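In my numbering, the protein residues as written are 3 to 345.
Next comes the structure, spelled out in structure tokens:
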């Protein structure tokens, strides 16, 4: 109906690839210009919490002063900082937290430990952009609503010009166009379940867990059984592989059940998918980096270190999901209340 009239009158309504790219560019921001005293205070508090966690852990469990164990205590606030404020701030927070904690409780040092903690802030920031920024740009209704509102404004201008000219045919046509797109806007704004965004987050998280299980099996199945003899808990290679991979499989089953039975609180679902994803990625990267660092400083075989660090991976991820989700759901609204949804 509208297409024929557009061609006859050579009307160019908002839309197309250039229009979408212009909207997408307006949504992409590293957030430097939005920094305020409130944001700086939040980051400072999270750095302080990282160091305090470490100091308390040293008092209770002295062995946690060792860099390979220290990561478990100062890593959580660093991950939260990166997830909320982005990869650059997360990385800087990790570097500062590691150096400050080392100055307060000096042990042995290697630059790989600092890299490991900085990555713990960088990766969550990237996952935040992926699950909230890219996901929203590709699959949310925000662009459609934005485009339709601009189309309505465009047709309102055409309607006013036609009214001034006294062209009743165009007045009727433009009024129908305005009503048509306003109805579409109402339908999109009242669409409660963002199915495309949910599925994008779900399959992304599930793919990462699947890759994690594949990597565990493919790496450890080739190792000599002697590497597992120094493990404190599990010395049988096959049982070790089963115990480590089953944790990730169990988490995948949890995600599938969560997706099947989800009824509401869709934002919480996407939050958890993002946290599971960056926790799994970090676990893989940091196990390698920490094992490498331990081999360089403690002169213990790399593969022995890898076997020791990998065993607790699934437990760490479950723990991270609970703690980070709870903290993020508390801290993020405090920022949004003053600065809006985009931060």
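C-beta: ideal position from N, C-alpha, C; glycine also.
Quick caveat: nothing in here was measured; it's all calculated off a predicted structure.
Alpha carbons only, please: which of the options is nearest the one belonging to residue i?
i           : options            : result
residue 129 : 92, 289, 107       : 92
residue 239 : 181, 309, 257, 190 : 309
residue 124 : 322, 241, 280, 306 : 280
residue 347 : 227, 213, 224      : This structure leaves residue 347 out entirely; the chain is present only between 3 and 345.
residue 89  : 132, 171, 257      : 132
residue 269 : 252, 305, 158, 330 : 330
residue 190 : 141, 97, 116       : 141
residue 209 : 50, 332, 255       : 255
residue 148 : 318, 266, 16       : 16
residue 74  : 321, 283, 259, 199 : 321
residue 72  : 143, 102, 267, 86  : 102
residue 80  : 221, 66, 49        : 49
residue 19  : 145, 241, 315      : 145
residue 116 : 324, 323, 304, 291 : 291
By a C-beta neighbour count over all protein chains shown, 10 Å radius and 16 as the cutoff for buried, is residue i buried or exposed?
i           : result
residue 69  : buried
residue 23  : exposed
residue 293 : buried
residue 192 : exposed
residue 109 : exposed
residue 350 : Lying outside 3 to 345, the shown extent of the chain, residue 350 is not represented and no answer is given.
residue 39  : exposed
residue 47  : exposed
Thinking residue i and residue j are a contact (beta carbons under 8 Å), I'd like their distance in whole angstroms, please.
i           : j           : result
residue 250 : residue 211 : 5 Å
residue 326 : residue 76  : Between residue 76 and residue 326 the Cβ distance is about 14 Å, and since that is not below 8 Å, they are no contact.
residue 153 : residue 175 : Contact doesn't hold; Cβ gap of about 14 Å is too wide.
residue 206 : residue 275 : 7 Å
residue 218 : residue 243 : 7 Å
residue 204 : residue 257 : 7 Å
residue 311 : residue 289 : 5 Å
residue 120 : residue 97  : 5 Å
Tell me whether residue i sits in a helix, a strand or coil according to DSSP, three-state version.
i           : result
residue 188 : helix
residue 143 : coil
residue 41  : helix
residue 111 : coil
residue 196 : coil
residue 224 : coil
residue 61  : helix
residue 263 : coil
residue 15  : coil
residue 301 : coil
residue 236 : coil
residue 257 : helix
residue 68  : coil
residue 327 : helix
residue 169 : coil
residue 212 : helix
residue 314 : coil
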